[in-house]
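Going by the working numbering, the letters in the sequence shown line up with residues 3 to 264, in that order. Structure first, then comments.
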Amino acid sequence: MSQDYDKIFKENIEQIALPLVEKLLGIRLEKLVEITVDLQQTIERKPDFIKKVVHKDSKKDYILHIEFQVVDEPKMLHRMLEYYALMFRKHELTLKQVVFYIGEGKAKMNTKINHNDLNFEFSLVNVQEIAYTDFLNSDKPEEVILAILANFQNKKPEIVISSILQRIIKLTKPNLKQLKYVKQLEILSLLRDLQEETLNQSKNMALIFPIEKDIRFQQGKREQATLAIKGFMEQNVPKEKIAEYLQVPLEFVEKVIKSMKK
3 MSQDYDKIFK ENIEQIALPL VEKLLGIRLE KLVEITVDLQ QTIERKPDFI KKVVHKDSKK
63 DYILHIEFQV VDEPKMLHRM LEYYALMFRK HELTLKQVVF YIGEGKAKMN TKINHNDLNF
123 EFSLVNVQEI AYTDFLNSDK PEEVILAILA NFQNKKPEIV ISSILQRIIK LTKPNLKQLK
183 YVKQLEILSL LRDLQEETLN QSKNMALIFP IEKDIRFQQG KREQATLAIK GFMEQNVPKE
243 KIAEYLQVPL EFVEKVIKSM KK
């Protein structure tokens with residue numbers, strides 16, 4: 003299941019990470035550029051988000067590194083230090099590093115090292131300490147869905163969930179993209195043990211468009227049916243049986259058969 007959370011944040015990383023950094027940490031990002039992150043041979047996991055922040059005065063340039071954590075990882079400090087050392091060695095730029103903890107409660111991971119010959123620190127943000135309205139009022143659906151992980155400020159979960167779904171409706175058109183955000187919300191709600199309520203509300207609201215009407219869905223369904231028909235024909239299955247089994251019109255089966263004979 004952790005792969006599902008990772009997938010959500012990787013899909014939305016640009017839309018989520020940058021507003022969070024600016025809003026919660028007060029870091030103004032003048033310009034971002036891609037930076038090479040070829041660390042696979044030396045480190046077990048690729049960073050969630052890492053880019054170079056460019057300024058008019060190049061002396062102010064640095065690397066912005068962000069991680070999203072579901073687990074309160076005791077060794078996170080070591081991992082962040084490892085990233086810092088490797089990226090500093092490769093690019094000779096300082097790093098600003100932030101961990102957004104999206105798990106339950108408050109993370110207890112160490113964030114700093116103060117040894118005689120080494121001082122190191124990264125920023126830690128506990129998302130559950132942030133007011134859910136900070137995310138809910140965003141104009142970006144990718145941010146809005148994070149409200150499910152935030153502080154409900156003594157509001158009942160069902161009220162917060164309803165507000166999130168209504169906001170998604172307002173910000174998106176009834177299409178596959180809207181469906182994607184709702185599905186992502188359902189996955190994230192598992193982190194707060196609220197998936198059942200989220201599923202119930204999304205089903206009961208005029209929210210999800212009938213996916214069968216989506217053009218891309220129809221195209222994909224036709225392509226799959228066409229391949230299946232060709233497979234059945236090679237096995238000499240009668241066209242009436244094919245139509246019945248695939249639940250498609252007989253005319254469609256005949257059209258595919260005709261195209262095979264050309």
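Yeah, the Cβ is synthetic: ideal placement off N, Cα and C, and Gly gets one too. Model, not experiment: these values are computed from the prediction.
Would DSSP call residue i helix, strand or coil?
i      : result
GLU16  : helix
VAL55  : strand
GLU246 : helix
ILE68  : strand
PRO49  : coil
VAL239 : coil
ILE29  : coil
LYS263 : coil
PRO251 : coil
THR266 : Residue 266 cannot be examined here, being either before or after the span of the chain that is shown, 3 to 264.
PRO21  : helix
LYS257 : helix
THR38  : coil
ILE213 : Since pLDDT at ILE213 reaches only 48, below the 50 mark, its modelled position is unreliable, and no value is offered.
Which whole-angstrom value is the C-beta distance of residue i and residue j, which I expect to be below 8 Å?
i      : j      : result
LYS114 : GLU106 : That belief does not hold up - the Cβ atoms of LYS114 and GLU106 are roughly 23 Å apart, past 8 Å.
GLU24  : ARG30  : 7 Å
TYR134 : ALA152 : 4 Å
ILE259 : LYS243 : 13 Å between Cβ atoms; not a contact.
LEU187 : ILE161 : Actually they are not in contact, since the Cβ atoms of LEU187 and ILE161 sit about 15 Å apart, beyond 8 Å.
ILE68  : PHE102 : 7 Å
SER164 : GLN203 : 6 Å
ILE189 : ILE18  : Not confirmed; about 14 Å, so no contact.
LEU248 : ALA227 : 6 Å
PHE137 : LEU126 : Going by Cβ atoms, the distance from PHE137 to LEU126 rounds to 18 Å, so no, they are not a contact pair.
What span of residues does the beta strand (DSSP E) with residue i cover, start to end?
i     : result
LYS33 : 33–35
When the cut-off is 8 Å and only beta carbons count, does residue i lie next to chain B?
i      : result
VAL146 : The question asks about chain B, but that chain is absent: this structure has only one protein chain.
Touch test, the segment 12–25 against the segment 140–159, Cβ-Cβ under 8 Å, three pairs minimum: yes
Runs of beta strand (DSSP E) lying entirely within the segment 71–155, each at least 3 residues, in chain order: 97–103, 114–117, 120–123, 125–128
Uninterrupted alpha helix (DSSP H) stretches inside the segment 151–208 (no shorter than 4 residues): 159–173, 178–191, 197–206
Meets three-Cβ-pair contact criterion under 8 Å: the segment 47–66 and the segment 86–104: yes
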